[in-house]
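Colleague: Residue numbers (this note's numbering): 19 to 491.
Glycine residues also receive a C-beta, built at the ideal position from the N, C-alpha and C atoms.
One structure, pasted below without further comment.
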Amino acid sequence: MKRFYYILTFILFSALTNSVYSQCEISYDQNVIINEIGSFVRQDGNGKHTNSEYIELLVIGNPDRPFSPVILVGIVIDDNDVDDIEIGTEYGYIKLADNFPMIMPGTIILIYDDNGFTIENSEDGMPNSNGIYQIPISSSLIEKYDWTGDQQKVTTSKWDDLLPFRNKGDVAQIISSDGKVIHSLSWNEIAKELPRPAGSFYFEHTWLSNKSIQLMNGDYTNIAPYRVSGYSSPGEPNSTENENFINNLKNGVINKFGDFEIRVIKNQTEGNTDAEIEVELTGDLDPEKKWEIYVDDEKIDNPNKDNPLIISNLSGGKKIVRVEIWNKELNQFCPFEKTIEIPVDKTEEEEICKGECITLISEGENCIAWVDEEGNLLSNDQQYEVCPEKNTVITELIENTKGLVIKKIIHHINVKSGNYSLYTEIPDCPAYEVILMVNGQNIDITWFDGTNEPKKTVTSSGEYTVSITDNDN
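Next up, the structure:
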């Protein structure tokens, strides 16, 4: 009779689905934001210095389609004209024309004053070698407008007639094609007067002060401490944090309030509910805010708002984890969901005799490693032969091409053992040890070697004697 006993343990491998974004947090189409406003300083051959203003946009995209190009046709860029603001009003603005190209998320668009100034290697309507669009205000991709009660297209490309971002009361805005403000900047003299949608900022100090922007309302753009400066970084990220944020957009991470992560820290053992996961709020999901966690619609008790939070006593399989954040502007909870798969450790049994050899065959298609209980490497072959003389544990690690372990299988190989009564012949498949046992109540036992325990272990075939005294008779 053969016996082969092993446990299959699959490595922690969580397949997270795309986040489900609540419509209450995507209440407006925020597909582009203002990344920076400032001035170039240039010097001609005679040593004369002149300035040229610019505005730098960053394409955000749609959370439901993070790798799709964004249509920006009809987007309006203005320096003020905000309701209830009666200071510093200007009439000009620009609009992205019908021939404006579709652009991928994470892309910087630099629109600049090219009157008497041209950026080298600037491709109108095409990205440069770094993927940056450098578009002069004189470009046909940009329509220029005056405002005299009615929209009126004008031919001027003079920046001062269109976007002079330097007067007290100016508010840099991005307005959707249907007239909705989707992102805006102002500075502190009028910060309290400006009606800002979620995502708006105001300047902490006066214009061209090279200071950071302060967040007014909740929005994902607070992930990066943006710097708005007159002499900063046109056409490139503003900081390491800003660069990381841009790279996240290019990698499909478009999240308004940051994110949360789920990790399996303990698989389910078959037949039990002993799995554990860890939920951690990241980005701008502020633990101090009002928030709740649910697993499969069951609210998880977390009175201390622990972050990360370990959730125990779970079964295996697919779980939907939902984090709900209170939005005080909307006076409601807004949910964020992710799905995770919790593996189940399974046990199967087969018998093997002492001294017999078995061959373990890996189903892995990449890198294989067989290791013993101490972690010593035994083999990297697809197959490994085991000839057990005692309890043997062999671990199989399957790695992908990048060296990441994607599956872990622990093989427990046990030599057959069992309980054998006195005078019973040892089978043809002997084990290391055979246990002779006498059962009974109120008896005295004396084995052939003078010992008195109820069990006797022997290691070879033969006839063994025992003296039994029944004290009840």
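Quick one: what's Glu54 bridged to in DSSP?
Modeller: On the sequence shown, position 36 is the one that residue 54 refers to. Glu54 is bridged to Glu74.
Colleague: Could you give the distance in angstroms between the alpha-carbon of Arg281 and the alpha-carbon of Val313?
Modeller: Counting from one through the sequence shown, the residue named residue 281 turns up at place 263. Counting from one through the sequence shown, the residue named residue 313 turns up at place 295. Each residue's alpha carbon lies about 13 angstroms from the other.
Colleague: According to DSSP, is Ile264 part of a helix, a strand, or is it coil?
Modeller: Against the sequence shown, residue 264 aligns to sequence position 246. Here Ile264 sits in helix by DSSP.
Colleague: Report the option in Asn133, Ser86, Ala293 whose CA atom is closest to the CA atom of Gly124.
Modeller: In the sequence shown, residue 124 corresponds to position 106, counting from 1. Looking at the Cα atoms, Ser86 is the closest of the given residues.
Colleague: Under three-state DSSP, which class holds Asp363?
Modeller: Position 345 of the sequence shown, counted from the first residue, corresponds to residue 363. Of the three classes helix, strand and coil, the one that applies to Asp363 here is strand, per DSSP.
Colleague: Ordered along the chain, which non-local residues of its own chain (more than five positions away) have a Cβ less than 6 angstroms from that of Pro145?
Modeller: Here residue 145 corresponds to residue number 127 of the sequence shown, with the count starting at 1. Within its own chain, the residues whose Cβ lies closer than 6 angstroms to the Cβ of Pro145, once the five positions on either side in sequence are excluded, are Tyr151, listed in chain order.
Colleague: Hey, would you say Leu114 sits closer than 9 angstroms to Val88, going by beta carbons?
Modeller: The sequence position of residue 114 within the sequence shown is 96, counting from 1. The sequence position of residue 88 within the sequence shown is 70, counting from 1. Note that the C-beta distance between Leu114 and Val88 is not below 9 angstroms.
Colleague: Does Asp179 come out as helix, strand or coil in the three-state DSSP assignment?
Modeller: Position 161 of the sequence shown, counting from 1, holds the residue named residue 179. The answer is helix: DSSP assigns Asp179 an H, G or I state.
Colleague: In whole angstroms, give me the CA-to-CA distance for Asp292 and Leu332.
Modeller: Counted from its first residue, the sequence shown places residue 292 at position 274. Counted from its first residue, the sequence shown places residue 332 at position 314. Computed Cα separation, rounded: 6 angstroms.
Colleague: Which term fits Glu366, buried or exposed, when burial requires 16 or more other beta carbons within 10 angstroms of its beta carbon?
Modeller: The count along the sequence shown starts at 1 and reaches residue 366 at position 348. Residue confidence is low: Glu366 scores 47 on pLDDT, short of 50, so the model does not pin down where it sits. No coordinate-derived value is stated.
Colleague: Buried or exposed: Ile328, going by 16 or more other Cβ atoms within 10 Å of its Cβ?
Modeller: Residue mapping note: residue 328 aligns to position 310 of the sequence shown, counting from 1. By the 10 Å Cβ count, Ile328 comes out exposed.
Colleague: Along the chain, where does the beta strand (DSSP E) that runs through Asn290 open and close?
Modeller: The residue you call residue 290 lines up with position 272 of the sequence shown. Note, Asn290: premise wrong, no beta strand (DSSP E); not H, not E.
Colleague: May I have the straight-line CA-CA distance separating Ser195 from Pro119, to the nearest angstrom?
Modeller: The residue labelled residue 195 in the question sits at position 177 within the sequence shown. The residue labelled residue 119 in the question sits at position 101 within the sequence shown. Looking at the two C-alpha atoms, the distance is approximately 15 angstroms.
Colleague: Hey, out of Val362, Lys171, Trp465, whose CA is closest to Lys337's CA?
Modeller: Within the sequence shown, residue 337 is the residue found at index 319, counting from 1. Residue nearest to Lys337 within the set Val362, Lys171, Trp465 is Val362 (criterion: CA-CA distance).
Colleague: Quick one: grab the DSSP three-state call for Thr173.
Modeller: For this step, residue 173 is matched to residue 155 along the sequence shown. The answer is coil: DSSP assigns Thr173 none of H, G, I, E or B.
Colleague: Can you tell me whether Asn331 is helix, strand or coil according to DSSP?
Modeller: Working through the sequence shown from its first residue, we reach residue 331 at position 313. Asn331: strand per DSSP, three-state reduction.
Colleague: Is it buried or exposed for Pro321, if we count other Cβ within 10 angstroms and need 16 for buried?
Modeller: The sequence position of residue 321 within the sequence shown is 303, counting from 1. Exposed is the call here.
Colleague: Taking its Cβ as the centre, do 16 or more other Cβ atoms sit within 10 Å of Gly149, making it buried, or is it exposed?
Modeller: Your numbering for residue 149 matches position 131 in the sequence shown. Exposed is the call here.
Colleague: Give me whichever residues DSSP pairs with Asn80 in a beta bridge.
Modeller: The count along the sequence shown starts at 1 and reaches residue 80 at position 62. Note: Asn80 is bridge-paired with Arg83 in the DSSP secondary-structure output.
Colleague: With a threshold of 16 other CB atoms inside 10 Å of the CB of Glu261, please say whether the residue is buried or exposed.
Modeller: Here residue 261 corresponds to residue number 243 of the sequence shown, with the count starting at 1. Label assigned to Glu261: exposed.
Colleague: I need the straight-line Cα distance from Leu378 to Ser147, nearest angstrom please.
Modeller: On the sequence shown, position 360 is the one that residue 378 refers to. On the sequence shown, position 129 is the one that residue 147 refers to. Their backbone Cα atoms lie some 53 angstroms apart in a straight line.
Colleague: Mapping DSSP to helix, strand and coil, what is Ala190?
Modeller: Here residue 190 is taken as the residue at index 172 of the sequence shown, counted from 1. In the structure shown, Ala190 falls within a strand segment according to DSSP collapsed to helix, strand and coil.
Colleague: Kindly list the residues whose CB is nearer than 6 angstroms to the CB of Val172, restricted to its own chain and excluding five residues on each side of it in sequence; keep chain order.
Modeller: Indexing the sequence shown from 1 puts residue 172 at position 154. Only Lys162, Asp164 meet the Cβ criterion.
Colleague: If you count every other CB in all the chains shown that lies within 10 Å of the CB of Gln191, and 16 or more means buried, which is it?
Modeller: By one-based count along the sequence shown, residue 191 stands at place 173. That one is buried.
Colleague: Under a Cβ-count criterion, where at least 16 other Cβ atoms within 10 Å of its own Cβ denotes burial, should Asn394 be classed as buried or exposed?
Modeller: Position 376 of the sequence shown holds residue 394. Classification for Asn394: exposed.
Colleague: Measure the CB-CB distance between Ile78 and Ile51 and report whether it falls below 9 angstroms.
Modeller: In the sequence shown, residue 78 corresponds to position 60, counting from 1. In the sequence shown, residue 51 corresponds to position 33, counting from 1. Yes, they are a contact pair.
Colleague: CA-CA distance, Ser380 and Val404?
Modeller: The count along the sequence shown starts at 1 and reaches residue 380 at position 362. The count along the sequence shown starts at 1 and reaches residue 404 at position 386. If you take the alpha carbons of Ser380 and Val404, they lie about 13 angstroms apart.
Colleague: Which of the three DSSP states is assigned to Glu207 in this structure?
Modeller: Mapped onto the sequence shown, residue 207 falls at position 189. The predicted position of Glu207 is uncertain, since its pLDDT is 39 and thus under 50; no value can be drawn from it.
Colleague: Below 8 angstroms on the Cβ atoms is my contact criterion, and I expect Ile73 with Ile129 to pass it. Report the Cβ-Cβ distance as a whole number of Å.
Modeller: Reading the sequence shown from its first residue, position 55 is the one you call residue 73. Reading the sequence shown from its first residue, position 111 is the one you call residue 129. Rounded, the Cβ-Cβ distance is 5 angstroms, consistent with contact.
Colleague: Beta carbon of Pro326, beta carbon of Glu296: below 9 angstroms?
Modeller: Residue numbering aside, residue 326 sits at position 308 when the sequence shown is read from its first letter. Residue numbering aside, residue 296 sits at position 278 when the sequence shown is read from its first letter. Yes, they are a contact pair.
Colleague: Compute the Euclidean distance between the alpha carbons of Gly143 and His201, then round it to the nearest angstrom.
Modeller: Taking the first residue of the sequence shown as 1, we reach residue 143 at position 125. Taking the first residue of the sequence shown as 1, we reach residue 201 at position 183. Those two C-alpha atoms are separated by around 23 angstroms.
Colleague: Excluding sequence positions up to five away, which residues of its chain have a Cβ less than 6 angstroms from the Cβ of Leu181?
Modeller: Position 163 of the sequence shown, counting from 1, holds the residue named residue 181. Correct list, in chain order: Asp97.
Colleague: Determine which residues share a DSSP beta bridge with Lys308 and list them.
Modeller: Here residue 308 refers to the residue found at position 290 when the sequence shown is read from its first residue. The partner list for Lys308 (beta bridge, DSSP) is empty, contrary to what the question assumes.
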